[in-house]
Amino acid sequence: MVMKSWVSKLYNLWELTRNSLFYVPVVISLCFIAGIIGVFLFELRYTELVHKIDYLYAGSTEDAKSILQTTLSGMITMTTLVISITMVVLSLSASQLGPRLINTFMSSRVTQIYIGFFFGSIALCLTLLILLHDSSTFDQTPRLSISTSFAITFINLFILLGYVNHVARSGIADTTITRVSCEIQQSLERLSISDEKPANTSKSAVKPSDFESNCRAIFSARDGYIQNIQYPNLLDVATEHDLVIELNCMAGDYLFKGQQAGKVYPEHKITPDIESALFNCIDVGQNRTGAQDIEYSVRHLVEIALRALSPGINDDFTAITVLDKFSGLLAQLMDSNLPSHIFHDESDQLRVVGKSCHKPEVFFRALSQIRDAGKQKPGILMHLIFVLGELKNSAYPNKEHQAIDLQVAYIRQHIKEFFADTEEQKALEKVLSDYRLGVS
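Per our numbering, the sequence shown starts with residue 7, numbered consecutively.
Listed below in structure tokens is the structure:
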């Protein structure tokens, strides 16, 4: 249980690190510096062996320093150009796909490696220039070190082409949609794997009869989004002090200072130290993360579709692509087991009741805004009917079909409101009938 709590905290830290362009380029630059120093020291120790290798640099040290200075200047110019191109492309793409595209691009390991290679090459050339500054440290020209720097510079030309191609592809809607879909899929897989024992909701989730009259509300001490709730630690606190804790919030919710976050029973056992321990189990930050928040990436995918359907862009095909991705993701959601966040101690005594994310809520948030934005577009409604029909006819439990029926009811309202007595109404009604949607 404690291990699972640390996994969530480490995932939060990993998300913050992964979304930064700082760490990977710094590590790569340090590796380049260490590498060229290693090559230089190796050459000093085994000079005769190195000079037996053909096709290495054969000029003087002074000529090499002049070339390295020119190369360093060119690499700095190239890196500046790369950053400028990146900012322009991301600015244009973010206006169509949403500002979170920038965060998605920055978190890409490929992007970080490319930028790390550019900065590492600059660090390599600068380090070698410093090493060559005092020519009295060696008797002969360090041919291997200089040849290595030239080779790295030459490779950078092709890396630049690859990076431009990568940036261009990152701005394509389909690429971003696929990447965000993979994030949602990974979140479902990770959050569906739970060490919790399945709660018997008819028995073990029942709170004490005097819970409401003998509990104390706990309030948030600061503003921010809930990034992670350490349920195992909450269970330990509740068990140690013989408490029952009920939370009114979950990961992804925004708390303002003074907002009620939950209740603790019984009231007379609560001390300031216990309140502090409870607050320490809830990680609050300025940004949402996907550590425990399933809707974190769902919101971004919905945002892409909403921007595509806006009057200024009017790109129905991007919205249809989002619906296609949601069909597979919602099928996976229907087949998953989301954690209940109901915890008991070793004697099967109820200790923690958390606010859980339910499948119908995720289903509603995934499709409702897209459906509403496309309610006057027969093509969008038609494709949404296809998605709902295939989901209902899939091999997943019938208990999840209530969320599908709710969307179908809204679609029928839109058809009557915007397509009454038209050919579009006949076509949409026919597809609904073919899939037997709205029919029990």
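Idealized CB from N, CA, C, for every residue including glycine.
- Message: I need the DSSP call for G464, collapsed to helix, strand or coil.
- Response: As displayed, the chain neither begins before 7 nor continues past 446, which places residue 464 out of reach and without an answer.
- Distance between beta carbons of L284 and V448, contact taken as under 8 Å: Nothing can be reported for residue 448, as the shown portion of the chain is limited to 7 through 446.
- Task: Return the chain-ordered list of same chain residues with a C-beta closer than 8 Å to the C-beta of L344, the five sequence neighbours on each side being excluded.
- Result: Translated into positions along the sequence shown, residue 344 becomes position 338. The answer, listed in chain order, is L197, S198, I300, S362, C363, H364 and K365.
- Item | DSSP-derived helix/strand/coil call for Q266 | Translated into positions along the sequence shown, residue 266 becomes position 260. DSSP places Q266 within a strand segment (E or B) once states are collapsed to three.
- Query: Nearest-angstrom Cα distance between L98 and Q192?
  - Reply: On the sequence shown, residue 98 is found 92 positions in, with the first residue counted as 1. On the sequence shown, residue 192 is found 186 positions in, with the first residue counted as 1. Approximately 28 Å between the Cα atoms of the pair.
- On a CA-only basis, which of G291, T245, G334 and T67 is nearest S153? Give me that one, please. The residue you call residue 153 lines up with position 147 of the sequence shown. Closest by C-alpha distance to S153, out of G291, T245, G334 and T67, is T67.
- Query: What residues match up with F225 in a beta bridge as DSSP calls it?
  - Reply: Residue mapping note: residue 225 aligns to position 219 of the sequence shown, counting from 1. Under DSSP, F225 forms a beta bridge with Q266.
- Determine the direct distance from the alpha carbon of F225 to that of Q450, and round the result to whole angstroms. This structure cannot speak to residue 450, because the chain is shown only from 7 to 446.
- Task: Mark C131 as exposed unless 16 or more other C-beta atoms lie within 10 angstroms of its C-beta, in which case mark it buried.
- Result: Locating residue 131 in the sequence shown gives position 125, counting from the first residue. By the 16-neighbour rule on beta-carbons within 10 angstroms, C131 is buried.
- Quick check: the region 291-306 against the region 253-263, are there 3 or more CB pairs under 8 Å? Three or more beta-carbon pairs drawn from the region 291-306 and the region 253-263 are found closer than 8 Å, and the two stretches are therefore classed as touching.
- Since E309 contacts G104 with CB under 8 Å, what's their CB separation in whole angstroms? Position 303 of the sequence shown, counting from 1, holds the residue named residue 309. Position 98 of the sequence shown, counting from 1, holds the residue named residue 104. The pair is a contact, with the Cβ atoms about 4 Å apart (cut-off 8 Å).
- Query: If you draw a straight line from the C-alpha of L78 to the C-alpha of I391, how long is it?
  - Reply: Residue mapping note: residue 78 aligns to position 72 of the sequence shown, counting from 1. Residue mapping note: residue 391 aligns to position 385 of the sequence shown, counting from 1. Rounded to whole angstroms, L78 to I391 spans 58 Å at the Cα level.
- Task: Sort out for me which residues DSSP pairs N271 with in a bridge.
- Result: Numbered from its first residue, the sequence shown carries residue 271 at position 265. According to the sequence as given, residue 271 is Tyr; it is not Asn. For Y271, which the question treats as bridged, DSSP gives the partners V250.
- Item | Span of the alpha helix (DSSP H), counted from its first residue to its last, around D289 | On the sequence shown, residue 289 is found 283 positions in, with the first residue counted as 1. Per DSSP, D289 belongs to no alpha helix (DSSP H); it is in the beta strand (DSSP E), I288 to G291.
- Message: Measuring alpha carbon to alpha carbon, tell me which residue in S90, L62, T159 and L87 is nearest F38.
- Response: Counting from 1 along the sequence shown, the entry for residue 38 is found at position 32. Looking at S90, L62, T159 and L87, the one whose alpha-carbon comes closest to that of F38 is T159.
- Message: Taking DSSP's pairing of strands, which residues face V359 in a bridge?
- Response: Within the sequence shown, numbered from 1, the residue matching residue 359 stands at position 353. According to DSSP, V359 shares a beta bridge with E252 and I348.
- Message: Less than 9 Å between the beta carbons of R185 and H57, yes or no?
- Response: Taking the sequence shown and counting its residues from 1, the one referred to as residue 185 is at position 179. Taking the sequence shown and counting its residues from 1, the one referred to as residue 57 is at position 51. In this structure, H57 does not lie closer than 9 Å to R185 by Cβ.
- Item | Own chain partners of L62 with C-beta closer than 7 Å, once the 5 adjacent residues on each side are dropped | Numbered from its first residue, the sequence shown carries residue 62 at position 56. Excluding sequence neighbours, L62 sits near R149, L150 and S153.
- Message: Quick check for students: name the residue ranges of the alpha helix (DSSP H) that lie wholly in the region 56-105, counting only runs of 4 or more.
- Response: Unbroken alpha helix (DSSP H) stretches of 4 residues or longer found wholly inside the region 56-105: 67-103, given in chain order.
- Query: Under the three-state reduction of DSSP, which class applies to K209: helix, strand or coil?
  - Reply: Translated into positions along the sequence shown, residue 209 becomes position 203. Note that K209 has pLDDT 43, beneath the 50 cutoff, so the model's placement of it is unreliable and the number below is only indicative. In this structure, DSSP gives K209 a state outside helix and strand, which the three-state scheme calls coil.
- Query: E252 to R228, Cα distance in whole Å?
  - Reply: Locating residue 252 in the sequence shown gives position 246, where the first residue counts as 1. Locating residue 228 in the sequence shown gives position 222, where the first residue counts as 1. The C-alpha of E252 lies about 19 Å from the C-alpha of R228.
- Since I232 sits in a beta bridge, which residues does DSSP pair it with? In the sequence shown, the residue the question calls residue 232 occupies position 226. Answer by DSSP bridge pairing, in chain order: V290.
- Query: In or out: Y271 buried (at least 16 other Cβ within 10 Å) or exposed?
  - Reply: Position 265 of the sequence shown holds residue 271. A buried status is given to Y271, since no fewer than 16 other beta-carbon atoms sit within 10 Å of its beta-carbon.
- Query: Taking just the CA atoms, how far does S127 sit from S187?
  - Reply: In the sequence shown, residue 187 corresponds to position 181, counting from 1. In the sequence shown, residue 127 corresponds to position 121, counting from 1. Distance between the alpha carbons of S187 and S127: 34 Å.
- Query: What do you get for V173, buried or exposed, if any count of 16 or more other CB atoms within 10 angstroms of its CB means buried?
  - Reply: Here residue 173 refers to the residue found at position 167 of the sequence shown. A buried status is given to V173, since no fewer than 16 other beta-carbon atoms sit within 10 Å of its beta-carbon.
- Buried or exposed: E429, going by 16 or more other Cβ atoms within 10 Å of its Cβ? On the sequence shown, position 423 is the one that residue 429 refers to. Classification of E429: exposed, given that the 10 Å Cβ count is below 16.
- Hey, how far is the Cα of F48 from the Cα of I91? Residue mapping note: residue 48 aligns to position 42 of the sequence shown, counting from 1. Residue mapping note: residue 91 aligns to position 85 of the sequence shown, counting from 1. If I take the Cα positions, the gap works out to 38 Å.
- Item | Rounded distance between the beta-carbons of L249 and K275, thought under 8 Å | Counted from its first residue, the sequence shown places residue 275 at position 269. Counted from its first residue, the sequence shown places residue 249 at position 243. The Cβ separation is near 6 Å, so the contact holds.
- For L27, which of helix, strand or coil comes out of DSSP? Translated into positions along the sequence shown, residue 27 becomes position 21. Secondary structure of L27 (DSSP, three-state): coil.
- L138: which of G122, S155, T117 and F124 sits nearest, CA to CA? Counted from its first residue, the sequence shown places residue 138 at position 132. It is S155 whose Cα lies nearest to the Cα of L138.
- Message: Using the three-state DSSP reduction, which class does Y441 fall into: helix, strand or coil?
- Response: Sequence index remark: in the sequence shown, residue 441 carries index 435 (1-based). Note: Y441 maps to coil in three-state DSSP.
- Item | Start-to-end residues for the alpha helix (DSSP H) that takes in S193 | If you number the sequence shown from 1, residue 193 lands on position 187. Note, S193: alpha helix (DSSP H), A179 to S198.
- Cβ pair V414, L434 closer than 9 Å: Counting from one through the sequence shown, the residue named residue 414 turns up at place 408. Counting from one through the sequence shown, the residue named residue 434 turns up at place 428. Going by C-beta atoms, V414 is not nearer than 9 Å to L434.
- Y302 - DSSP class collapsed to helix/strand/coil: Taking the first residue of the sequence shown as position 1, residue 302 is located at position 296. Here DSSP, grouped into helix, strand and coil, assigns Y302 to helix.
- Where do the N-terminal and C-terminal ends of the alpha helix (DSSP H) with Y169 fall, by residue? Residue numbering aside, residue 169 sits at position 163 when the sequence shown is read from its first letter. Following the DSSP letters along the chain, one finds Y169 inside the alpha helix (DSSP H) bounded by residues R149 to S176.
- Task: Identify whether Y52 lies in helix, strand or coil by the three-state DSSP scheme.
- Result: Looking up residue 52 in the sequence shown gives position 46. Y52 falls in the coil class under three-state DSSP.
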